[in-house]
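Working notes, beginning with the structure itself.
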Amino acid sequence: MGDGLDGRRAVRRLSHDDPPKPAATLRALADFADDVETDWYMSGVLFDRLEGRIRDLLGKESVIFSPSGKLAQMAALRAWTGRAGCGRVAMHPRSHFEEYEARAYQELWGLSAASLGGFDRLPTAADLAAIREPLGAVTLELPLRRLGCQLPSWEDLVAISEGAAERGVARHLDGARLWESQPFYDRPLAEIAALFDSVYVAFDKGLGGLSGAALAGPRWLIEEVGIWQRRAGGRALRSFPTLLAALKGLDERLEIMPLFHQTACRLAVVIGDIAGVSVSPSPPHANAFLVTLEGNPAKMNDARDRVCEEQGLWLFNDAVDCVEQGRARFEVTVRGAALELSDGEVRRAVERLRDLVT
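Count the sequence shown with my numbering and you get residues 17 to 374, in order.
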């Protein structure tokens with residue numbers, strides 16, 4: 017398996033959801049679907065239902081489904097920068113665009129980046145003001161995963177949004193984890209989305225869907241993004257399993273995002289209380305946080321496997337890079353699996369990991 021687990025061995029997980037079993041997943045989707053009609057090349061009742069649901073939640077004029085978040089966001093930035101006549105996009109140096117997408121914005125879409133904020137901190141309105149060159153768009157990632165899923169305060173978020181608006185620059189939200197961020201702000205999703213001209217949300221993370229994303233914004237933008245998706249091969253003949261999983265996730269998981277956040281906060285206290293271990297941010301802003309241990313990062317994967325063999329708990333998939341010498345780091349992302357764990361078994365597993373890497 018991709019996460020290093022032996023598929024024949026039953027283990028429990030600290031992070032993410034248990035991998036879906038195809039047969040069980042399809043049976044559950046069939047029960048959820050009832051007798052709904054199928055879709056056809058990005059149209060049909062399921063598309064209408066899902067896009068309408070997102071439109072209502074985010075309070076935007078129009079919505080389009082996309083098979084991937086990368087495609088949705090790149091098409092949106094291409095449309096915004098095309099209208100502005102400027103291909104430079106302000107983005108954080110540790111954003112998903114920079115660190116997870118092989119610089120697709122530049123290599124495939126012909127855009128360039130202006131660094132928004134410092135490498136190890138969240139961006140501010142002052143950082144935006146310090147960018148003196150023209151911009152075609154400003155992007156924010158909520159939460160910023162590479163910094164431990166940190167979120168700016170509401171006041172800072174408003175200040176950045178207003179700063180971009182005053183310059184006449186489009187504001188785009190990378191909201192792959194917007195659902196998980198809402199408890200931090202304790203405001204309606206539409207109020208958060210109102211600070212941005214376009215918003216991307218994902219269905220395959222906190223909502224537990226199979227894949228897919230949606231982009232919300234003004235009608236002209238969504239129509240143009242539809243053209244770019246066609247050009248990029250983003251139109252499938254059938255998408256109903258993905259659409260059904262997204263709708264099912266919205267029905268079943270959206271209301272428990274506060275529970276994910278509360279569980280992350282509780283586990284952060286448990287783990288942070290272990291000698292030689294720290295968590296960041298503390299308390300967590302969303303449903304995830306970073307765990308840093310004193311030890312050798314080269315030993316992390318072997319230690320993870322050993323803990324799993326001994327205690328039956330899989331702590332993480334991949335270690336996270338840490339610039340501090342003599343320290344190792346991994347990410348905890350609370351979703352369905354973590355809700356089944358006790359504080360004691362989490363503490364014992366992390367203590368054992370710490371002992372193995374020191």
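C-beta atoms are modelled at their ideal positions from N, C-alpha and C, and glycine is treated no differently. Since the structure is predicted, the reported quantities are computational estimates derived from the model, not experimental observations.
So, helix, strand or coil for residue i, using DSSP?
i    : result
F346 : strand
D50  : coil
Y116 : coil
H188 : strand
E239 : helix
G23  : Residue confidence for G23 is low, a pLDDT of 46 falling below 50, so the modelled location carries little weight; the figure read from the coordinates is stated next. In this structure, G23 counts as coil in the three-state DSSP scheme.
R203 : coil
M17  : Model confidence at M17 stands at a pLDDT of 39, short of 50, so the residue's coordinates are unreliable and nothing is read from them.
V339 : coil
H32  : strand
With residue i and residue j assumed to form a contact (beta carbons below 8 angstroms), what rounded beta-carbon distance in angstroms separates them?
i    : j    : result
M316 : A302 : In fact, because the Cβ distance is near 23 angstroms, the residues do not count as touching under 8 angstroms.
V11  : V362 : Residue 11 falls outside the range modelled here, since the chain spans only 17 to 374, and no answer is possible.
F276 : E196 : 6 angstroms
G311 : V373 : 3 angstroms
R351 : D33  : 5 angstroms
Taking a contact to mean a Cβ-Cβ separation below 8 angstroms, would you say residue i touches residue j in this structure?
i    : j    : result
R254 : T54  : yes
L231 : A120 : no
R193 : P139 : no
L369 : V323 : yes
C13  : F346 : Nothing about residue 13 can be reported from this structure: the residues present for the chain run from 17 to 374 only.
R187 : F212 : yes
R161 : F135 : no
R320 : L331 : yes
T279 : S294 : no
L223 : R269 : yes
A145 : G179 : yes
A314 : G85  : no
V215 : K76  : yes
From the DSSP secondary-structure annotation, give me the bridge partner or partners of residue i.
i    : result
T140 : None, per the DSSP bridge assignment.
E310 : R343
W330 : R29
Determine contact between the stretch 57 to 69 and the stretch 146 to 153, defined as no fewer than three beta-carbon pairs at a distance below 8 angstroms.
Flag = no, the stretch 57 to 69 and the stretch 146 to 153 do not touch.
Decide if the stretch 258 to 277 is in contact with the stretch 122 to 140; the criterion is three or more beta carbon pairs, one per stretch, under 8 angstroms apart.
With a cut-off of 8 angstroms, the stretch 122 to 140 and the stretch 258 to 277 do not count as touching, because too few Cβ pairs lie within range.
Does the pairing of the stretch 204 to 224 with the stretch 47 to 63 give three or more beta-carbon distances under 8 angstroms?
no
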